[in-house]
Amino acid sequence: MKCKHCQLDFKQEQMIEKNGSYFCCKGCQSVYEILKESGLEEFYEKLGNQTLSPVEINHNVKDYEKYIQKTEDGFSEIFLLIEEIHCAACVWLNEKILIKSDGVIEVDINSITHKARIVFDANIINLAKIIQNIESIGYKASVYSPTKSEQRATQTKRDFYAKLIVALACVMNIMWISVAKYAGFFSGMDADTKDILHFAEFLLCTPVLFYTGSVFYKNAYYALKFKNINMDTLVISGASLAYIYSLWAMFSRASQVYFDSVAMIICFVFIGKYLELLSKKKALDTLDHLRSLLCDEVRVLRNNKIELVDVEEVKIGDIIELKEGDIVLIDGECVSGNASLDVSSLSGESIPIDIQKKDIIYSASLVLNGNILYEAKALYKDSKLARIITLLENSSSKKAKIEKKVNQISRYFSPIILTCSFLCFIFTYFILNLTIEEAVIRMVSVLIIACPCALALATPVSSLVAISTALKEKILFKEAGVVEDLSKCNIAVFDKTGVLTKAKLEVKKSILDDDLDINELICFLRLTNHPVAKSILDYLKDGVLENIRFENIQNFQAKGYKAFIKENEFLGGNKRFFNENNIYINKIDEIQGTHFIFAKNKKILAIFELEDQIRESSQKLINFMKKQNMQIYMLTGDNQNAAEKVAYALGIKNYKASCMPEDKMQMVYELNQQGKVLMIGDGVNDALALSYAGVGISLKEGSELAMQNCDIILLKNDLQSLQKAILISKKTYMIIKQNLAFSLFYNALTMPLAFFGLINPLIAALSMSFSSIIVVLNALRIKK
Numbered sequence: 001m002k003c004k005h006c007q008l009d010f011k012q013e014q015m016i017e018k019n020g021s022y023f024c025c026k027g028c029q030s031v032y033e034i035l036k037e038s039g040l041e042e043f044y045e046k047l048g049n050q051t052l053s054p055v056e057i058n059h060n061v062k063d064y065e066k067y068i069q070k071t072e073d074g075f076s077e078i079f080l081l082i083e084e085i086h087c088a089a090c091v092w093l094n095e096k097i098l099i100k101s102d103g104v105i106e107v108d109i110n111s112i113t114h115k116a117r118i119v120f121d122a123n124i125i126n127l128a129k130i131i132q133n134i135e136s137i138g139y140k141a142s143v144y145s146p147t148k149s150e151q152r153a154t155q156t157k158r159d160f161y162a163k164l165i166v167a168l169a170c171v172m173n174i175m176w177i178s179v180a181k182y183a184g185f186f187s188g189m190d191a192d193t194k195d196i197l198h199f200a201e202f203l204l205c206t207p208v209l210f211y212t213g214s215v216f217y218k219n220a221y222y223a224l225k226f227k228n229i230n231m232d233t234l235v236i237s238g239a240s241l242a243y244i245y246s247l248w249a250m251f252s253r254a255s256q257v258y259f260d261s262v263a264m265i266i267c268f269v270f271i272g273k274y275l276e277l278l279s280k281k282k283a284l285d286t287l288d289h290l291r292s293l294l295c296d297e298v299r300v301l302r303n304n305k306i307e308l309v310d311v312e313e314v315k316i317g318d319i320i321e322l323k324e325g326d327i328v329l330i331d332g333e334c335v336s337g338n339a340s341l342d343v344s345s346l347s348g349e350s351i352p353i354d355i356q357k358k359d360i361i362y363s364a365s366l367v368l369n370g371n372i373l374y375e376a377k378a379l380y381k382d383s384k385l386a387r388i389i390t391l392l393e394n395s396s397s398k399k400a401k402i403e404k405k406v407n408q409i410s411r412y413f414s415p416i417i418l419t420c421s422f423l424c425f426i427f428t429y430f431i432l433n434l435t436i437e438e439a440v441i442r443m444v445s446v447l448i449i450a451c452p453c454a455l456a457l458a459t460p461v462s463s464l465v466a467i468s469t470a471l472k473e474k475i476l477f478k479e480a481g482v483v484e485d486l487s488k489c490n491i492a493v494f495d496k497t498g499v500l501t502k503a504k505l506e507v508k509k510s511i512l513d514d515d516l517d518i519n520e521l522i523c524f525l526r527l528t529n530h531p532v533a534k535s536i537l538d539y540l541k542d543g544v545l546e547n548i549r550f551e552n553i554q555n556f557q558a559k560g561y562k563a564f565i566k567e568n569e570f571l572g573g574n575k576r577f578f579n580e581n582n583i584y585i586n587k588i589d590e591i592q593g594t595h596f597i598f599a600k601n602k603k604i605l606a607i608f609e610l611e612d613q614i615r616e617s618s619q620k621l622i623n624f625m626k627k628q629n630m631q632i633y634m635l636t637g638d639n640q641n642a643a644e645k646v647a648y649a650l651g652i653k654n655y656k657a658s659c660m661p662e663d664k665m666q667m668v669y670e671l672n673q674q675g676k677v678l679m680i681g682d683g684v685n686d687a688l689a690l691s692y693a694g695v696g697i698s699l700k701e702g703s704e705l706a707m708q709n710c711d712i713i714l715l716k717n718d719l720q721s722l723q724k725a726i727l728i729s730k731k732t733y734m735i736i737k738q739n740l741a742f743s744l745f746y747n748a749l750t751m752p753l754a755f756f757g758l759i760n761p762l763i764a765a766l767s768m769s770f771s772s773i774i775v776v777l778n779a780l781r782i783k784k
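Shown next, in the form of structure tokens:
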């Protein structure tokens, strides 16, 4: 006897009876009553013959309150992982039971990852009650863990990979047998040899259909259960019917078998499924992984000593210590010390900034040198970097997705083909009064020749060739769908620092005194690891004839440093440092921007002015995009003068300086209303804009956050690669359209021939294979 809820079989004496219904345990009885009271008995219709695990209700809710975030509207938001979900019916039930709960405003459950985003009013319902509601219907809920999701996705990938290997191995062998069989068809072959080849094909085809093809059977089952017909339904219907007919033909020796066609159909279409799975796996919440990396410990001053404290436990007012090499995780204000911070990843400012008392410090900055103590002015979750990550999570649903042309066509294509094959059988058997064997042969011919193998291959094969071709050019497409998206972009938005310009400073101007000893200057510059000193060393070629040792080295953070050789005093640093040492000269007052001054015994011997240089490939790319009729924009966190200089040099009319991450995001969002936006950035400050753009592109040297949230990575750090990527994408999109047009034309031409019996299943199988080969050969043209 089956349990009314979980539908598992038990002996009647083991079960609980209530009002004529039997349950295996109190948990199943409780869940059934809850669903009945809530009017959700429709769940059991959607469940069909699926079974569930017996319900174990456990309302022990852990302390998850710290994981709750606030939305812009002031509501609470939590991400949960719901376990024990088996199918679409389980997703439907959880969404229904949650949305019916008082205080729950929004529910979104990802059917692939089982990650649930729940927005609720904390004044009406708390997290404990939400989790209890989920567990009361037999599921388990916990705070979303990227590790669990990654394990689930990895296991699915392994299962698909095993099925793909089986399909490829069997198909390669079955094709050799088919070559021998078709050769014998024209040259003559005795019946016994033909029977052996048919049986060999049967042995190879069976695992492909029932092991590899189990994915199609499952998807077709759920599609039919929800009164829908998709391409999986058509694929598995044609393959199954051809397989059954081939079994009859093999044992009766009455006709040809089509095991090779069955195996090829399943294998080719499954390759497309596997490509889709890889794309989804790469897209699975990389932000969660990034968040786990950033949630580190910081050094906090408590009870007159430094303690390591988890960033989540840092309170406003705590004093935090920063040392050289640290990444700032919490916003605050400097209370003592001096340091030089690299803020390019957040603000886009190419020049390191000097921090001293009373200066504001933002998260995501990198300490180049120096030591400071600063007061936390925000909690970790409210800091600049954490807010950007939260915005990225919320924007993931707004990300532009490729239009799945094959799926769109299949909504109409699959039912039409199934209907035509059925009408063919009716027409042949009842109207033409031919034999049932002839009717079945014609019906199978229609299904085989019209089977959407070429249609299913049109997009994934072209995309695969495009991705491999791009990779040879050091261009990494993260997903196959990005190829089509890039081809449609008509607006290009550039970051300046690190993209149009080189991330590294270069010496623009130098003034060297005749008394300067180059060896002394080079050895003096080697005393620090500041980016300015490194750039000057590169400029001087870092050649040393004699190593000079300095003594009594004194570092003045954010200003400069001092050293001695016996009684000779050497100074190096900025204007402020020299003014404090009572060294004034007119040449210094003329210097603007980043600079370095070197002096010996109060005499200035060298002055260097530095700036970030425009990449050699920037101008070529801008000119190429203008020829493609693309609108060009430049958004930078750098100052107005630096932005204006670069924009003028490259001929960019639309630009905006001093942009914060939210400003770039808003600009990209507004441009999305005018067309499809291509965003090229490399810093943390670009990550939001990259996520909102139709296509986001980052350079290999970009920040981890930018690379995680872009769609394409230029591994050469050369903008010329972007030009190649655009050309590849446009050609690929053209090839995809050609393949789709050919596939539809092929079906429109050959289906009537099969319908009226002018093509038998053997020719239909060959024709179907030939159409697939044409699609593949056309896709290979992308390589040229």
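The sequence shown begins at 1 in UniProt numbering and counts up by one. Built from N, CA and C at the ideal position, the CB exists for glycine as well.
Bridge partner(s) assigned by DSSP for residue i
i      : result
ILE680 : PHE494 and ILE697
GLY370 : ALA339
GLN631 : ILE491
THR501 : ILE614
LYS600 : PHE570 and LYS603
PHE79  : ARG117
ASP9   : LYS2
LYS18  : SER21
Option nearest residue i by Cα separation, candidates the options
i      : options                           : result
VAL483 : ASP159, THR732, LYS784 and LEU168 : THR732
ALA533 : VAL107, ILE607, LYS566 and ALA466 : ILE607
VAL695 : LEU678, ALA687, ALA689 and ASP686 : LEU678
GLN7   : GLU13, TYR32 and LYS18            : TYR32
LEU366 : GLU333, LEU322, ALA754 and SER255 : LEU322
ASP682 : LEU719, GLU297 and THR233         : LEU719
VAL493 : ILE697, GLU297 and GLY370         : ILE697
ASP638 : ILE353, ASN173 and LEU93          : ILE353
THR459 : LEU740, ASP359 and VAL104         : LEU740
SER252 : ASP538, ASN371, VAL91 and GLU437  : GLU437
GLU551 : LEU571, GLU324 and HIS595         : LEU571
GLY39  : VAL309, GLN29 and LYS96           : LYS96
ASP9   : GLU17, PHE23 and LYS566           : PHE23
GLN256 : LEU777, LYS783, SER767 and ILE763 : ILE763
ASP159 : SER214, VAL143 and SER142         : SER214
ALA643 : LEU516, GLN674 and VAL499         : VAL499
GLN631 : VAL465, GLY651 and SER463         : GLY651
Close Cβ partners of residue i (< 8 Å) along its chain, the five nearest in sequence each way excluded
i      : result
GLN554 : TYR561, LYS562 and ALA563
VAL314 : VAL298, VAL300, ILE320, ILE330, ALA376, LEU379 and TYR380
7 Å CB neighbourhood of residue i in its chain, flanking five on each side removed
i      : result
LYS509 : GLU609
THR71  : GLU77 and VAL119
Backbone secondary structure at residue i - three-state DSSP
i      : result
MET1   : coil
SER771 : helix
ASP638 : coil
LYS157 : helix
SER729 : helix
TYR655 : strand
VAL314 : coil
GLU321 : strand
ASN552 : strand
ILE125 : coil
GLY39  : coil
6 Å CB neighbourhood of residue i in its chain, flanking five on each side removed
i      : result
VAL61  : For VAL61, the pLDDT reaches just 49, beneath the cut-off of 50, and the residue's location in the model is therefore unreliable, although a value from the coordinates is still provided. Closer than 6 Å at Cβ, skipping near neighbours: ALA128 and ILE131.
ASN394 : Confidence is the limiting factor: at ASN394 the pLDDT is only 49, short of 50, which leaves the residue's position unreliable and the question unanswerable from this model.
LYS730 : SER487
ASP326 : VAL367
ALA167 : VAL208, THR212, CYS267 and PHE270
GLU83  : LYS140
Worksheet item: Can at least three beta-carbon pairs, one atom from the region 607 to 627 and one from the region 716 to 723, be found at a separation below 8 Å?
Response: Output reads yes: the region 716 to 723 touches the region 607 to 627.
Worksheet item: Does the region 192 to 210 come within contact of the region 263 to 272, defined as at least 3 CB pairs closer than 8 Å?
Response: With contact defined as three or more Cβ pairs closer than 8 Å, the region 192 to 210 and the region 263 to 272 are in contact.
Fill in: Validate contact between the region 518 to 530 and the region 645 to 664 using beta carbons, cut 8 Å, 3 pairs
A contact between stretches requires three or more CB pairs, one per stretch, nearer than 8 Å, and the region 518 to 530 fails this requirement with the region 645 to 664.
Worksheet item: Would you call the region 566 to 585 and the region 593 to 606 in contact, with 3 or more CB pairs under 8 Å?
Response: By the Cβ test, the region 566 to 585 is in contact with the region 593 to 606, since at least three Cβ pairs between them sit closer than 8 Å.
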